[in-house]
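2 protein chains.
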Amino acid sequence: LINLSGIHKSYPMGSVTVHALKDVNLAVNKGDFLVVSGPSGSGKSTLMNIIGLLDTPDSGSYHLDGRNVGDLSDDERSRVRNRTIGFIFQNFNLLPRTSALRNVILPLSYRSMKDSERLERAQLALEKVGLARRMNHLPSQLSGGEQQRVAVARALASNPSVVLADEPTGNLDTKTGQEIVELLVRLSQEGQTVIMVTHDPRLLGYADRIVGMLDGEISEEPQTGDR
Amino acid sequence: LINLSGIHKSYPMGSVTVHALKDVNLAVNKGDFLVVSGPSGSGKSTLMNIIGLLDTPDSGSYHLDGRNVGDLSDDERSRVRNRTIGFIFQNFNLLPRTSALRNVILPLSYRSMKDSERLERAQLALEKVGLARRMNHLPSQLSGGEQQRVAVARALASNPSVVLADEPTGNLDTKTGQEIVELLVRLSQEGQTVIMVTHDPRLLGYADRIVGMLDGEISEEPQTGDR
Ligand SMILES: Nc1ncnc2c1ncn2[C@@H]1O[C@H](COP(=O)(O)OP(=O)(O)OP(=O)(O)O)[C@@H](O)[C@H]1O
Ligand SMILES: Nc1ncnc2c1ncn2[C@@H]1O[C@H](COP(=O)(O)OP(=O)(O)OP(=O)(O)O)[C@@H](O)[C@H]1O
Ligand SMILES: [Mg+2]
Ligand SMILES: [Mg+2]
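First to last, the sequence lines map onto chains F and Z.
Under the numbering used here, the letters of the first sequence match residues 1 to 227, in that order.
Under the numbering used here, the letters of the second sequence match residues 228 to 454, in that order.
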């Protein structure tokens with residue numbers, strides 16, 4: 001489903017260049033639950049942004065469902081992204097002046113469905129992450145972990161075929177974090193493809209596969225065996 | 228050093244009121260390393276904001292170094308805060324249009340010292356958190372964990388007598404996170420008072436004392452014994 005080949009990404013900073021991704025190759029099958037792990041600054045979010053069609057590599061190719069993403073126009077990329085991908089951002093990226101509920105409804109506005117269905121789906125998604133009683137709060141009226149859960153709900157409400165979760169539990173206590181990851185596991189069991197970046201070693205056990213990153217390179221691809 | 232008594236904090240939200248803190252009592256001695264733990268939404272950041280003089284309780288009293296903080300004017304509170312407290316925010320709160328280095332220098336501008344000394348302290352603080360090669364990056368040019376570490380460096384550069392760390396390792400891998408917490412432990416060994424909110428059970432062992440929060444209340448105060 002996802003095929004990255006020879007991916008490079010650099011940021012020239014005056015006299016120094018930061019090589020965020022160096023010759024990255026990665027193949028992900030439909031329904032996989034892949035965990036990406038690695039030190040701070042090793043390139044995980046950069047990788048996720050490329051997979052999520054939010055950023056383009058300097059070189060190399062990215063095939064999504066057989067199509068070479070590099071061939072798409074900006075409009076086509078946006079459309080594929082909105083239809084296919086649900087992104088849980090490391091820094092949440094919530095709209096500050098609108099409620100949790102409206103933040104979750106927003107990506108659904110790209111899909112054709114009744115307003116009442118959008119509302120219902122958004123409410124259900126927020127209930128699933130334990131925020132039934134926080135729907136009308138603005139992000140500034142939510143705790144850090146509640147904001148993170150709004151970001152999770154927003155990514156899941158559109159039922160995307162690919163879920164990209166960048167550190168989805170960094171601000172959550174153990175129990176709440178586990179509930180979120182178990183949500184993601186269920187999605188992959190139902191056929192959605194999930195890629196989760198995490199620093200929490202306790203979450204590695206949920207993965208079908210674990211990929212390590214170090215200094216911009218994929219450093220290992222051990223199998224975790226059956227779940 | 229820090230004495231909270233009968234602290235209440237609520238947020239009226241139309242027909243519903245969120246009771247974020249209910250009758251909180253807490254005494255912290257100089258040089259303590261206190262860890263505050265608890266589920267998402269239990270009131271930890273609200274508590275930290277009150278201790279950090281960023282917010283005021285609805286009722287109850289807060290004595291800091293013997294002075295009743297409620298008696299201070301806004302200007303006096305700001306001055307006490309800038310002189311005494313270093314705050315590591317859960318959401319970092321970095322200035323987006325200025326470099327990591329300038330973000331760390333900023334709180335030092337409240338202290339009287341030469342510009343060259345401010346620069347030197349800021350550089351040292353950034354080196355201590357492993358960001359020597361990221362000093363000129365803007366926050367948007369940093370990874371999540373790097374932004375978190377700039378927030379840590381900024382709080383520590385002014386050598387404050389009270390360090391309030393709200394989830395300082397949520398975006399860090401195990402090794403980098405441990406380095407940050409060991410930094411905080413050293414500060415407390417040198418006489419600074421440290422209060423750290425964390426969801427990571429592996430960090431509880433660093434504490435002199437652990438306080439649990441649940442639904443706005445302090446729910447336990449077990450001693451962890453000697454370090
Ligand atoms: N726009 C940019 N300009 C310059 N350097 C950048 C930019 N974005 C990222 N970087 C650098 O690229 C490296 C990889 O960043 P990335 O965000 O992918 O790391 P990460 O693995 O997600 O880290 P973390 O675990 O801390 O979130 C970092 O060292 C960062 O400083
Ligand atoms: N300005 C506000 N208006 C309304 N409710 C608020 C406001 N700020 C916080 N709350 C609510 O108060 C409760 C406590 O918030 P707080 O940020 O202290 O939690 P926390 O323990 O730090 O959680 P986390 O671990 O998720 O960061 C949360 O349920 C939150 O929704
Ligand atoms: Mg990242
Ligand atoms: Mg908090």
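Glycine included, every Cβ here is placed at the ideal spot set by N, Cα and C.
Residue i versus chain Z: which residues are under 8 Å apart at the beta carbon?
i                      : result
residue 171 of chain F : 267, 317, 394, 397 and 426
residue 45 of chain F  : 370 and 371
residue 175 of chain F : 266
On a CA-only basis, which of the options is nearest residue i? Give me that one, please.
i                      : options                       : result
residue 155 of chain F : F:115, F:101 and F:27         : F:101
residue 407 of chain Z : Z:417, Z:420 and Z:380        : Z:380
residue 230 of chain Z : Z:278, Z:427, Z:367 and Z:332 : Z:278
residue 129 of chain F : F:168, F:107 and F:65         : F:168
residue 389 of chain Z : Z:241, Z:349 and Z:257        : Z:257
residue 255 of chain Z : Z:419, Z:433, Z:446 and Z:442 : Z:419
residue 237 of chain Z : Z:228, Z:262 and Z:270        : Z:270
residue 250 of chain Z : Z:322, Z:323 and Z:289        : Z:289
residue 135 of chain F : F:104, F:117, F:55 and F:214  : F:104
residue 5 of chain F   : F:12, F:57 and F:139          : F:57
residue 183 of chain F : F:120, F:139, F:126 and F:137 : F:126
residue 321 of chain Z : Z:344, Z:308 and Z:365        : Z:365
residue 143 of chain F : Z:342, Z:274, Z:228 and Z:437 : Z:274
residue 207 of chain F : F:81, F:71, F:118 and F:195   : F:195
residue 99 of chain F  : F:66, F:123 and F:116         : F:123
residue 66 of chain F  : F:1, F:190, F:175 and F:149   : F:1
Strictly below 7 Å CB to CB, what residues from chain F border residue i?
i                      : result
residue 372 of chain Z : 40 and 41
Applying the 10 Å Cβ sphere with the 16-neighbour rule, what's the burial state of residue i?
i                      : result
residue 452 of chain Z : Reliability fails at residue 452 of chain Z, whose pLDDT of 48 lies under 50, so the model's placement of it is uncertain and no value is given.
residue 146 of chain F : buried
residue 165 of chain F : buried
residue 431 of chain Z : exposed
residue 454 of chain Z : The predicted position of residue 454 of chain Z is uncertain, since its pLDDT is 41 and thus under 50; a value taken from the coordinates is nonetheless stated next. Classification for residue 454 of chain Z: exposed.
residue 83 of chain F  : exposed
residue 274 of chain F : Here chain F comprises residues numbered 1 to 227, so residue 274 of chain F is not present and cannot be evaluated.
residue 16 of chain F  : exposed
residue 49 of chain F  : buried
residue 397 of chain Z : buried
residue 291 of chain Z : buried
residue 14 of chain F  : exposed
residue 214 of chain F : exposed
residue 121 of chain F : buried
residue 345 of chain Z : buried
residue 445 of chain Z : buried
residue 267 of chain Z : buried
Which whole-angstrom value is the C-beta distance of residue i and residue j, which I expect to be below 8 Å?
i                      : j                      : result
residue 427 of chain Z : residue 38 of chain F  : About 18 Å separates the two Cβ atoms, so there is no contact after all.
residue 415 of chain Z : residue 260 of chain Z : 4 Å
residue 53 of chain F  : residue 69 of chain F  : 6 Å
residue 319 of chain Z : residue 378 of chain Z : 4 Å
residue 334 of chain Z : residue 385 of chain Z : 5 Å
Show which residues of chain F have a CB atom less than 8 Å away from the CB atom of residue i.
i                      : result
residue 238 of chain Z : 141
With a CB to CB cut of under 8 Å and the five nearest residues on each side skipped, what residues in its chain are close to residue i?
i                      : result
residue 45 of chain F  : 90, 166 and 197
residue 367 of chain Z : 323
residue 75 of chain F  : none
residue 77 of chain F  : 53 and 69
residue 211 of chain F : 26, 34, 35, 36, 37, 218, 220 and 221
residue 339 of chain Z : none
Who are the Cβ neighbours of residue i in its own chain at under 7 Å, not counting the five residues just before and after it?
i                      : result
residue 19 of chain F  : 10 and 216
residue 239 of chain Z : none
residue 85 of chain F  : 52, 53, 160, 162 and 164
residue 412 of chain Z : 260 and 433
Residues in the same chain with beta-carbon distance under 6 Å from residue i, minus the five sequence neighbours each way, listed in chain order, please.
i                      : result
residue 177 of chain F : 169
residue 234 of chain Z : 248, 251, 284 and 287
residue 436 of chain Z : 261
residue 202 of chain F : none
residue 376 of chain Z : 356 and 358
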